[in-house]
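Those protein sequence lines, which keep their order, are chains V and B. Each residue of the first sequence is one higher than the one before, counting from 1 in our numbering. Each residue of the second sequence is one higher than the one before, counting from 1 in our numbering. All residues carry an ideal CB built from backbone N, CA and C; glycine is no exception. All figures in this text were calculated on a predicted structure; none of them were measured in a lab. All remarks here apply to the structure that follows.
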Amino acid sequence: MIAPADSNNTLAIQLLGIMEPIPQNLRQSSAGKISSWIRKNFITSLGIFIVVLLIWRIVSVAQQDSYPIQYWAFQLINGLTLGGVYALIALGYTLVYGILFMINFAHGEVMMMGGFAGFFTLQLLTYLGWTNDTPFSSAISVVVMMLAGMTVSVLTGVILERIAYRPLRAAPRLVPLISAIGASFFLQYTALLMFGAIPHNYHKPSIFVGVWRIGETGIIISYTGAFIFVTSIIMMIGLYIIVQRTKLGRSMRAVAEDKQIATLMGIDVDKVIVFTFILGSALAGAGGVMLGLHNTVIRFNSGFIPGLKAFTAAVLGGIGNIPGAMVGSLLLGIMEALGPSALGLPTEYKDVIAFSILVLVLIFRPTGLLGEVLSNKKA
Amino acid sequence: MNNLKEGFRYGLISYGIILYLNLLGIPLNFGDIVLTIFSLLIGLLSFAFLRKRPNHLRKNLRNTLVQGLIIGLVSGLGLSIVTYIFASLQKDGINVAQVFAQVKPEHTGALTGLTKEEVLGDVSVLPGLLQLTLLFTFAGFIGSALTQLPVEKLRKQFDSKSGLKTISRALFVLPFFFYGLFMLLKVEGVQIAGTEENNLGMLFIFLFIGAALFALRAVEPGRQKSILVILLVVLMLLLPHFADLKQNAILGVVGIFIVMGIGLNIVVGYAGLLDLGYVAFFAVGAYAYALLSSPESYVVLNLPGFEGVNFWAGLPIAIIIGAFAGFLLGVPVLRMRGDYLAIVTLGFGEIARLLVLNLRDYTGGPGGVINIPAPILFGMDLGNPRDILYIAMAFGLIVTFFTVRLRDSRLGRAWIAMREDEDVAQAMGINLVAIKLLAFASGAAIAGMAGALYATRQVNIFPDNFALDVSINVLSLIIIGGIGSLEGVVLGAIVLIGLPEILRTVDEYRIVAFGALLVTMMIVRPEGILPSTRRKRTLHVHEDSESTSTK
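Next up, the structure:
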């Protein structure tokens, strides 16, 4: 006997989500339609609700107190600078995730080590009188400082991979993560004990002292900010070329695709992984020095929060995706700089905003802005 | 030739480790015994490196001894060169401590047997460095010689069940023996690594508890075990009466961490959800009780006629609010797994702290909440460390009871199934959403309970009490103790929370050591010291299948 689908059946099908429920002939009011749509697309409607709430808040704040346009421009530039630094760190997360499918939890600390190395080099160069002598020697000292930061970060990253990650490559996924957490705290408190708890203040080299004023608008760009932004863009382009055009980059992509087949094709997987860590750590080291120049201070824990935020940026752009990390970082930098003022909150809440973005992205778009859908194995 | 190269490589690694410890300030903090510590370490490293080589190489006596000598020599010379450079810089009046904060003249002095003035003055450091090099070389040599002992046999004996039993029985008796000896002789001024004499008693208490845990593990279930359990419970109940004020205070902290560890064990150990923001719930519980009870809190000041609740009324509220917070934070992370979950919960933990810090009007901001009342029962003030310890013990027992019942229930089995494989669990008809939320909520409820107890113990609480370190401490203690096992939580709390409290010199190195321990543990023994049987089997089965599949 073929009976029309009874209500019980429909409910079961709805619950299982196998197919759309059979349309009913009952006349539904439009309110009823909306409510049933909301029930079906709970996550989407929640997202819409949050967006509406945010827009409402922004509009109402904008009506109450209007900051001058210069303020917004200043914050935007600040955000772009910060975004540039985040991008350098986020690329390290993304590169490692792309290959090992693990979050290198200690990456922020690798960056911090680079920042310390840069700081001590700067101290030495200031002592030798390079930083303030002529513009040329000042520029050279910046380059030396960056190189020192990158070298120390690369060393830290490679040792980290060798000791804490390589023996665990075949282990269940929680195991390397816990090891990474351990390594992160190990490095952080090593820096605390080795270099002391006092904040170390970066004294800017003479070429960084000063600002550009753009015409009559009153918009100000500091030399440091411009340097950070431009250098990070150049480095990102460099990385992109390495990954896309060189032989090592090709092997990296092959290993990311499938380790076993890459081995069969004659690729030394260990070497490629080390190379990935070198690339990521070098960028992080440069990022650490830049962050030091930007914040003018470095401490044992100054890698932790930026590390988390860079991770957020990587997730926002789509983890494992190199252009995604860049876009996500710039976006996050801007949101963090403009967010508190736009939402009418004190600036202390900028970290809260960044973490909220992470949570929201993971709920509403786990693949990020540019990410592809990962299979279960990778996700 | 190859030999020398290998020895040289090991030597460089040992040198790296020694140099690291040196820059970390071990000489400065440990003073004169630093040379002994370093020599022991070199011996140990030399032993460890040389023992794991293939048999035919290890049996070659001359080869081994030469390598041991090289290991010691390389580390000794390396450290001497670095120390010499630092010493010359210090003599020139350059403050090395601006870069390496711990390298002060006293630091150099401790390594070379000189005083601070001698280091800065005209006395040469070279004789001291020569002595150091010779000592290290000797230590490396001894370490290599020890590899010739039949260690394998001993190890096999330890690994077999009967061996474990013998050793744990011995361990069980030893602390009593030492404690008795200690009491009998009344040794005054005995110090081990910065302990004071009453701390030595504490050390024996810890040893006793640790030994008891191993003994519990070794004894077969049955009458023997029940007798042991009863004996231990009675001893534990008597313990606070024998311990002095300070010892009780330390044990109280350990107790609070044990309660938290049991709670986190539900989330991480049973359900397999790596939660790094556990401190958030601890903070919620503490602040819930503090705000409802302290006469100076926002709630009590602003609710007319509300005088604040007492501990026994505040406790259930703290638990319920904690559970609700767990539920609330569980909802957004339902779809996340492993790594993502860890990072997001970490973010939540930070958000909680930032909120507490910045919502000045309600939580008091950095000024915290002060004058939190002590628990009162039948008119007795239970705020002193001994009674707090009793409360902590009671909480521990209650929580253990609930956890064991939960673990063996349908829900507990569902958690374990989910931990092993979410997809398969779901296919078996387990409602992942419900059990995940229940795991978060029950873990958070226990954290809320611990938080309320912590608040009343501390009297004043501040946002800094709820930093990320707490999450990391709790996570480390359950992982190192043995994930998923209750004895493991107790052992972990004693080793990671209790020991650093009494070994004050070690305390500075607590988190560095945790980090190193976590990494080492993951490599050497991912199931922890006292693992649950199921967990151990899972991890080892996994290893076996991995190794066979790659072959």
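Interface annotation, V/Ile178: in contact with chain B, CB-CB separation under 8 Å. Secondary structure remark: continuous beta strand (DSSP E) runs of at least 3 residues inside the stretch 205-231 of chain V, in chain order: 211-214 and 219-222. Taking the Cα positions, B/Glu350 is about 38 Å away from V/Arg213.
With contacts defined by Cβ atoms closer than 8 Å, B/Ala318 and B/Gly448 form a contacting pair. At least 8 Å separates the CB of V/Tyr93 from every CB of chain B.
One alpha carbon belongs to B/Leu245, the other to B/Pro385, and they sit about 6 Å apart.
Check the Cα spacing between V/His107 and each of V/Phe186, V/Lys33, V/Phe227 and V/Leu82: the tightest is with V/Phe186.
For B/Pro332, the nearest CB of chain V lies under 8 Å from its own CB, placing it at the interface with that chain. Between B/Gly210 and V/Ser45, the alpha-carbon positions lie close to 54 Å from each other. For B/Gly482, the closest of B/Pro463, B/Ile497 and B/Met521 by C-alpha to C-alpha distance is B/Met521. Close CB contacts of B/Leu315 within its chain, under the 6 Å cut and outside five residues either way in sequence, are with Ala452 (chain order). One finds nothing in chain V with a Cβ atom closer than 8 Å to the Cβ of B/Phe30; even the nearest lies about 13 Å away. Excluding its 5 nearest sequence neighbours in each direction, V/Ile140 has C-beta neighbours in its own chain below 8 Å: Trp130, listed in chain order. Contact annotation, B/Ala455 with B/Ala243: C-beta distance approximately 23 Å; criterion of less than 8 Å not satisfied.
Residue-level contact by beta carbon fails for V/Phe300 and chain B, as no gap is shorter than 8 Å. Ranked by Cα distance from B/Leu274, the options B/Gly347, B/Gln247, B/Gly252 and B/Gly11 are led by B/Gly347.
Under the Cβ distance rule, B/Ile351 counts among the residues neighbouring chain V, one pair being separated by less than 8 Å. Of all residues in the stretch 273-289 of chain B, those with a C-beta nearer than 9 Å to a C-beta of chain V are Leu274 and Leu276, reading in chain order. Apart from the 5 residues on each side of it in sequence, B/Ile479 sits with its Cβ closer than 7 Å to the Cβ of Leu518, Met521 and Gly528 in its chain, given in chain order. In the three-state DSSP reduction, B/Asp275 falls in the coil class, being neither helix nor strand.
When rounded, the separation of the alpha-carbon atoms in V/Arg57 and V/Val51 is 10 Å.
The beta carbons of B/Gly25 and B/His107 sit closer together than 8 Å. Secondary structure note for B/Arg360: its alpha helix (DSSP H) is the uninterrupted segment Arg360 to Thr363. For B/Arg457, the enclosing alpha helix (DSSP H) starts and ends at Leu432 to Gln458. Boundaries for B/Met336: no alpha helix (DSSP H) harbours it, and the DSSP string shows neither H nor E there. Sequence-distant partners of B/Leu292 (beyond 5 residues in either direction) whose C-beta falls short of 7 Å from its own C-beta, in its chain, are Val299, Gly308, Val309, Gly314 and Ile317.
With a threshold of 8 Å between beta carbons, V/Thr190 makes contact with chain B. In the displayed model, V/Asp270 falls within a helix according to three-state DSSP. The residue among V/Met146, V/Ile77 and V/Leu125 with its C-alpha nearest the C-alpha of V/Leu293 is V/Met146. Against chain V, the beta carbon of B/Pro526 has neighbours under 7 Å at Ala171 and Val175, listed in chain order. In the displayed model, B/Asn60 falls within coil according to three-state DSSP, outside both helix and strand. Non-local beta-carbon contacts of B/Leu146 in its own chain, meaning distances under 7 Å to residues more than five positions away in sequence, involve Phe47 in chain order. Close to chain V, meaning a Cβ-Cβ distance shorter than 7 Å, is no residue of the stretch 394-428 of chain B at all.
Within 7 Å of the CB of B/Leu518, the CB atoms of chain V belong to Ile178, Ser179, Ile181 and Gly182, in sequence order along the chain. Each residue's CA atom was taken as its position, placing B/Pro304 and V/Val230 some 60 Å apart. For B/Ile446, no Cβ of chain V is located within less than 8 Å of the residue's own Cβ.
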